[in-house]
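What follows is one structure encoded as structure tokens, with my remarks underneath.
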Amino acid sequence: MRTDSSPGTLPAREHLPAAPAGTPVLDVVIPVYNEEKDLQPCVRRLHEHLDRTFPYAFRITIADNASTDTTPQVAGRLAAEIPEVTTFRMEQKGRGRALRAVWSASDAPVLAYMDVDLSTDLNALLPLVAPLISGHSDLAIGSRLARSSRVVRGPKREFISRAYNLVLRGSLQARFSDAQCGFKAIRRDVAQVLLPLVEDTGWFFDTEMLVLAERAGLRIHEVPVDWVDDPDSTVHIVRTATDDLKGVWRVGRALATGSLPLDRIARPFGDDPRDRDIKDVPKGLARQLVGFCVVGALSTLFYLLLYSGFRVFSGSQIANALALLVSAVANTAANRRLTFGVRGRGGAVRHQAQGLVVFGIGLALTSGSLAALNAATSEPAHSTELAVLVAANLAATVLRFLLFRAWVFPDRREDDAAVRTPYEATPYVATPYDTAPYDTAPYDTAPYDTAPYDTAPFRAGEAANVTWPDATVQLLPVRPHDSDSRDLR
Numbered sequence: 002m003r004t005d006s007s008p009g010t011l012p013a014r015e016h017l018p019a020a021p022a023g024t025p026v027l028d029v030v031i032p033v034y035n036e037e038k039d040l041q042p043c044v045r046r047l048h049e050h051l052d053r054t055f056p057y058a059f060r061i062t063i064a065d066n067a068s069t070d071t072t073p074q075v076a077g078r079l080a081a082e083i084p085e086v087t088t089f090r091m092e093q094k095g096r097g098r099a100l101r102a103v104w105s106a107s108d109a110p111v112l113a114y115m116d117v118d119l120s121t122d123l124n125a126l127l128p129l130v131a132p133l134i135s136g137h138s139d140l141a142i143g144s145r146l147a148r149s150s151r152v153v154r155g156p157k158r159e160f161i162s163r164a165y166n167l168v169l170r171g172s173l174q175a176r177f178s179d180a181q182c183g184f185k186a187i188r189r190d191v192a193q194v195l196l197p198l199v200e201d202t203g204w205f206f207d208t209e210m211l212v213l214a215e216r217a218g219l220r221i222h223e224v225p226v227d228w229v230d231d232p233d234s235t236v237h238i239v240r241t242a243t244d245d246l247k248g249v250w251r252v253g254r255a256l257a258t259g260s261l262p263l264d265r266i267a268r269p270f271g272d273d274p275r276d277r278d279i280k281d282v283p284k285g286l287a288r289q290l291v292g293f294c295v296v297g298a299l300s301t302l303f304y305l306l307l308y309s310g311f312r313v314f315s316g317s318q319i320a321n322a323l324a325l326l327v328s329a330v331a332n333t334a335a336n337r338r339l340t341f342g343v344r345g346r347g348g349a350v351r352h353q354a355q356g357l358v359v360f361g362i363g364l365a366l367t368s369g370s371l372a373a374l375n376a377a378t379s380e381p382a383h384s385t386e387l388a389v390l391v392a393a394n395l396a397a398t399v400l401r402f403l404l405f406r407a408w409v410f411p412d413r414r415e416d417d418a419a420v421r422t423p424y425e426a427t428p429y430v431a432t433p434y435d436t437a438p439y440d441t442a443p444y445d446t447a448p449y450d451t452a453p454y455d456t457a458p459f460r461a462g463e464a465a466n467v468t469w470p471d472a473t474v475q476l477l478p479v480r481p482h483d484s485d486s487r488d489l490r
């Protein structure tokens, strides 16, 4: 909890209180498809472990992805015998679709899922969800690639898993170590805001959720796991890998074009020291100074190269004006994205226009310096011209940073606060990868596309209806299970 000595602008994450008897704190989802053999031992083993070691009330939910064997009947018997077990039946396949549906309908404050084969040692379950219960983190994942993890699996799956994570790091700048481990958890308040942005309904669901969460500034906790690979896994590796690469391309393109409304969920769930109003410490000043200096050094080098090139066929004043104009446009664009964190195309033209005004001030300083040099000596050396321009540009750079920070890219958080009510009272509606400009109207909590999920608490034997963008899926209390749950291990 935040104290008076630690002022801030956002509500602090809170440790979840001990819930009354019968109210689950944790909902563990087991997505299954045709898992009639493995389902019963998996659920009984998981229930025994939770009942023996987990200090809070819990629920185990079997999410059946249109199984065609006796999985629904096995799930139904388990739900009838064990009070903490409930089941949902879906008539469409897709692990991501099942997780989104069950998580969106659950009333538990912490949501998790694991594969039916229980490849992960269950002793990692409490460390996985503890940071979410305490309020320290927003999501938690098991990692088979952490240095202290202990993993038993074949070389082919080891190579595929590591290659896939290298692709994520290289293309999407992902910093988490293991995207496809079937052992993850998320806080419900985070899921309600994040899941509407996740478009994939299959195996790429995990990766997309983690990438968007990381880009939005949410905290992802990683737990090293002990993992024994399932040799009987029926996952189609080539097809799954192809679908994942298509997902990487789609998400990367959406991030590059700024079409994802990540600003709406950037750090809304906790007390971030970077958002605190601390006396005499301007917000983000240190980070902006570093970014501005890096961009400034590169743009100054670019400017000098341009000046030297233009100087071959023009006078010093014309060469200076042309070089400064071209470098100013590039400098404004780079500072907009890298220094001040402005994404998307909104306001880009206005920012460039304001940048040209700042350019005019720099032009006046550098042109005046060249005029003074030419007045002092009729034929100054080229090295002397460059030295004078560097000194003039240093003065112009300081002024440019002040104008960028105060006028071109001001901190709009206070303006946003005047338009929007606090996050807790303003959930929102988000269509996946919407490219239209975002309005400032109060948000709605309708998950994924335009139809809201039923977020009422569910019990074993109850049905929940969920409307999807591509079809209508009815979740029935038929107690089935999904075993597509083995990823590119």
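Taking this note's numbering, the leading residue of the sequence shown gets 2, the next gets one more, and so forth.
The C-beta atom is built at its ideal place from N, Cα and C for all residues, glycine as well.
Residue 66 is bridged by DSSP to 91.
For residue 309, the closest C-alpha among the options 258, 376 and 322 is that of 322. Contact fails between the segment 351 to 360 and the segment 287 to 306, because fewer than three Cβ pairs, one in each stretch, are under 8 Å apart.
Fully enclosed alpha helix (DSSP H) runs of no fewer than 4 residues are not present anywhere in the segment 100 to 129. For residue 319, the uninterrupted alpha helix (DSSP H) run begins and ends at 317 to 335, by DSSP. The beta-bridge partner set that DSSP reports for residue 242 is empty. In this structure residue 181 touches residue 208 by the C-beta definition: roughly 7 Å separates them, less than 8 Å.
In summary, residue 204 is buried, with 16 or more beta-carbon neighbours lying within 10 Å of its beta-carbon over all protein chains present.
Collapsing the DSSP output to three states places residue 50 in a helix.
Residue state for residue 144 is assigned as strand, using DSSP reduced to three classes. One thing to note: residue 158 has its Cβ no nearer than 8 Å to the Cβ of residue 227.
Within its own chain, the residues whose Cβ lies closer than 7 Å to the Cβ of residue 85, once the five positions on either side in sequence are excluded, are 48, 59, 60 and 61, listed in chain order. Note on residue 77: 16 or more other CB atoms within 10 angstroms of its CB, so buried under the neighbour-count rule. Judged by DSSP in its simplified three-state form, residue 220 adopts coil rather than helix or strand.
Excluding residues up to 5 positions away in sequence, 389 and 393 lie with their Cβ nearer than 6 Å to the Cβ of residue 370 in the same chain. Residue 199 has its alpha-carbon roughly 25 Å from the corresponding atom of residue 121.
Shown here, residue 185 sits in a strand according to DSSP, grouped into three states. Under the 10 Å beta carbon count, residue 51 is surrounded by 16 or more other beta carbons and is classified as buried. For residue 297, the closest C-alpha among the options 374, 30, 33 and 398 is that of 398. In the structure shown, the three-state DSSP call for residue 228 is strand. Within the DSSP secondary-structure output, residue 139 pairs in no beta bridge. Rounded to whole angstroms, the separation of the alpha carbons of residue 340 and residue 291 is 8 Å. In this chain, residue 27 is not harboured by any alpha helix (DSSP H); it is covered by the beta strand (DSSP E) spanning 27 to 33. Rounded to whole angstroms, the separation of the alpha carbons of residue 295 and residue 332 is 11 Å.
Under the DSSP assignment, residue 152 falls in the beta strand (DSSP E) whose first and last residues are 151 to 153. Per the coordinates, the alpha-carbon of residue 376 lies some 26 Å from the alpha-carbon of residue 328. The alpha-carbon separation between residue 17 and residue 108 amounts to approximately 13 Å.
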